[in-house]
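Quick note: the sequence shown uses the UniProt record's numbering, first residue 1, plus one each step.
All residues carry an ideal CB built from backbone N, CA and C; glycine is no exception.
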Amino acid sequence: MTTPTTEAPTRTPEQKEKPDDSGHRVQAGLLDPKQLVTSFPDALRKLNPATLYRNPVMFIVEIGSALSTVMAIIDPSVFGIVIAIWLWLTVLAANLAEAVAEGRGKAQADSLRKTRTDTVARRLSGWEKGRTDIPETEVRANDLSLGDHVVVEAGQIIPGDGDVVEGIASVDESAITGESAPVIREAGGDRSAVTGGTRVLSDRIVVKITSRPGETFVDRMIALVEGASRQKTPNEIALNILLASLTIIFLMAVVTLQPLAIYSKAPQSLIVLVALLVCLIPTTIGALLSAIGIAGMDRLVQRNVLAMSGRAVEAAGDVNTLLLDKTGTITLGNRQAVEFLPVGAATPDEVANAAQLSSLSDETPEGRSIVVLAKTKFGLRERAPGELPGAEFVPFTAQTRMSGIDLPDGRQVRKGAAAAVADWVRNEGGVVPATLGEAVDGISGSGGTPLVVAEKTGGRAVVVGVIHLKDVVKTGMRARFDELRAMGIRTVMITGDNPLTAKAIADEAGVDDFLAEATPEDKMALIKREQAGGKLVAMTGDGTNDAPALAQADVGVAMNTGTSAAKEAGNMVDLDSNPTKLIEIVEIGKQLLITRGALTTFSIANDVAKYFAIIPAMFAVAYPGLDALNIMRLHSPTSAILSAVIFNAIVIVALIPLSLRGVRYRPASAASMLRRNLLVYGVGGLISPFIGIKIIDLIVQFIPGIR
């Protein structure tokens, strides 16, 4: 049995790296000049009405810009020309926000395209496991079909996505994950999936192709990071409908102003009415909404997580219940032997000797730690299996739940789960002492895992002692779970351990609940129960037996090391195969929702403020009483309108970095986040137009032709 190589988090080489507040690597320069120059042509292309109509707010602004341009040409004036220019700049700023967000994904897509080569595949005709005389045919990778078997040896490129069905090999996946350290891929386990474009470094494997040409993992990654397959999420659609409704309301309000203005002998030009409409409709959030969604998916990509849809990112932000595997997520995963406890008349030295003998062929980290403990604490020289001629090693199986050794002198040693070894002792004519239960329960109650060691000499088996294996909780997990609890998220630890062990680990880690002795059916039942109660559930998995639960969960994060079935079932894939990443994914999802809510609050507050800043200045001539409401003392109606239009365009550009980076997320309850949103972005949205428009008004009044 092999120990898989650890796969560390990485970043793609295309990313200019600098640490953010959380210690991760993010792209530098959200508005660096190079990125702006690259994105500007895309922003111009998005002026096409056939593209822009999907954004109803900015589509109205574009129509208004076109009307203003026509009016400025028919009846030339400095005011009309400047207004038309700034209206077009408003549309361009909105397009630039989306183009910059998409541009960062395209840079990563270009990097991924370099991994695709015209690989030659060695297809096997009529593959059967174990046969070495199967004829090979060389074909292009694009000619492979679903279900084909190919052989790949050291130095060769894996021609397509698939599962290893024979052999074991070290694979370089740096082309996909950016991580230079090789990983182990082997048949028959949960680390059997391989990705087309990666390179085999050692040994020989047979791969069963599980994807069609053009539908490989790399192809899907390229489509996702480019945004080609991005569709609006339900929340985005709902918000777009709200923004469109507000736009229609303000459109009707502006249209009805003209008869009132004519009646009061102060008629307004079409350019003024268009400018007023653009200032009053929610252009800020309308311009940035798409960029916020794209940036949310991009933040996941920066952490080597691929979301198959924006809906999955949103769902992560609304998650109520988090299902986390104990081993490798909450704990370090490799249990270590820390103590040998004798049972009955046995001595600690006898327990150490029996434990070491039963673990000689056990290559797992737990088995190695038993041998090491016997050597370091009891001075027993480590014996190689070859030093015991005639000995027969008994491998561990899921049915027996034991392993051990049969020595040439007739002695048998067994090590395994307490219930399994106790049954073996009884079947071999022995008696299980009452003190065994106390020792096992004591270890389980402290969060450890007990393994019982027994020997059979002569005609009767006896229990020798208990090995105490300890699973170490990762540093900082309790604090992370406290943060999740503050966010209103319930955490559930999933483990195959017995309930006593599970409870001890759960208490130490600080999770809210646990599911012990969990089977795939138990996981599925738990998810359905939570969902029946109106909860959204997130979980991770990597095996074929996890696939049903991953598909059922609202957010299913499959490990890249896992099987193809798991990756197909989930709606996210973690390229680093780090189960703890699920906590970060939830935080990124919440940050997306908070950013959208914050900028929506700011935009609507902005519109309200602009209304009270502009209308009094516009009609003060016709209605002198309104001059009392002109608290900013704007220079004139034309300077007021122009200042508002300029401020409207500038604020969109100023908020592009925030929409791409996201509002800084702090774990808190929904009520607390709402108060903070209203205080910071609501009040800020009300105040900033008064300050900004006044400053711009002081400048534009000096432009010749502006009265």
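> Apart from the five residues just before and just after Q412, which ones in its own chain have a Cβ nearer than 6 Å to its Cβ?
Replying inline: D406, K456
> Would you say T595 and I292 are within 7 Å of each other, going by their C-beta atoms?
Replying inline: yes
> What does a CB cutoff of less than 7 Å around V272 pick up in its chain, not counting 5 residues either side in sequence?
Replying inline: Shown here for V272: same chain residues with a beta carbon closer than 7 Å to its own, the five before and five after excluded, namely I641 in chain order.
> When burial is assigned at 16 or more other CB atoms within 10 Å of the CB, is N606 buried or exposed?
Replying inline: buried
> Should I585 and L322 be called a contact, given that it needs their Cβ atoms to be closer than 7 Å?
Replying inline: no
> For K581, which residues from the same chain have a beta carbon less than 6 Å from its beta carbon, with the 5 sequence-adjacent residues on both sides left out?
Replying inline: Here the set comprises D574.
> Should the segment 423 to 435 be called in touch with the segment 478 to 489, which here means at least 3 C-beta pairs below 8 Å?
Replying inline: no
>> Residues in the same chain with beta-carbon distance under 6 Å from M487, minus the five sequence neighbours each way, listed in chain order, please.
In response: P667
> Around the Cβ of I691, are there at least 16 other Cβ atoms within 10 angstroms (buried) or fewer (exposed)?
Replying inline: exposed
> Mind pulling the beta strand (DSSP E) runs of 3 or more residues that sit fully within the segment 521 to 566?
Replying inline: As far as the segment 521 to 566 is concerned, its whole beta strand (DSSP E) runs of at least 3 residues are 537 to 541, 555 to 559.
> Any idea if K18 is buried or exposed, counting beta-carbon neighbours within 10 angstroms, 16 or more meaning buried?
Replying inline: Its pLDDT being 37, under 50, K18 is placed unreliably by the model, and the measurement read from it follows with that caveat. Exposed.
>> Taking the beta carbon of Q356 as the centre, do at least 16 other beta carbons fall within 10 Å, making it buried, or is it exposed?
In response: buried
> Which whole runs of the alpha helix (DSSP H) in the segment 346 to 372 are 4 residues long or more, in chain order?
Replying inline: Runs of the alpha helix (DSSP H) inside the segment 346 to 372: 348 to 358.
> Below 7 Å between beta carbons: does that hold for A354 and V464?
Replying inline: Taking 7 Å as the cut-off, the beta carbon of A354 is found closer than this to the beta carbon of V464.
>> For Q552 and R478, what's the separation of their Cα atoms in angstroms?
In response: 28 Å
> Under the three-state reduction of DSSP, which class applies to I706: helix, strand or coil?
Replying inline: DSSP, read as helix, strand or coil, puts I706 in coil.
> Skipping 5 residues on each side, what residues in its chain have a beta carbon closer than 8 Å to that of G23?
Replying inline: Here G23 scores only 36 on pLDDT, less than 50, and its place in the model should not be relied on; the value that follows carries that caveat. Around G23: no qualifying Cβ.
>> Just to confirm my understanding: we take G510, look at its own chain, exclude 5 residues before and 5 after, and list those with CB closer than 6 Å. What are they?
In response: R478, F481
>> What does the alpha-carbon distance come out to for the pair A312 and N571?
In response: 6 Å
>> Between which residues of its own chain and K523 is the CB-CB distance below 6 Å, once the five residues before and five after are set aside?
In response: A549
> Is the beta carbon of T501 sitting closer than 7 Å to the one on S444?
Replying inline: Contact check for T501 against S444 passes: the beta carbons are separated by less than 7 Å.
>> Beta-carbon within less than 6 Å of M618's beta-carbon, same chain only, minus the 5 sequence neighbours each way: which residues are those?
In response: P637
> DSSP state of R140, grouped into three classes?
Replying inline: strand
>> Output needed for L277: all residues of its chain with C-beta closer than 7 Å, excluding positions within five of it in sequence on either side, in chain order.
In response: G64, F250, L251, V254, listed in sequence order.
>> Could you compute how far the alpha carbon of P76 sits from the alpha carbon of D554?
In response: 57 Å
> Roughly how far, in whole angstroms, is the beta-carbon of N320 from the beta-carbon of K535, given that I think they are within contact range, below 8 Å?
Replying inline: That belief holds up - the Cβ atoms of N320 and K535 are roughly 4 Å apart, short of 8 Å.
> Cβ of T233 within 7 Å of Cβ of G310?
Replying inline: Taking the C-beta atoms as reference points, G310 is found nearer than 7 Å to T233.
> Excluding sequence positions up to five away, which residues of its chain have a Cβ less than 7 Å from the Cβ of P704?
Replying inline: V78
> Is it buried or exposed for K34, if we count other Cβ within 10 angstroms and need 16 for buried?
Replying inline: K34 counts as exposed, since fewer than 16 other beta carbons sit within 10 angstroms of its beta carbon.
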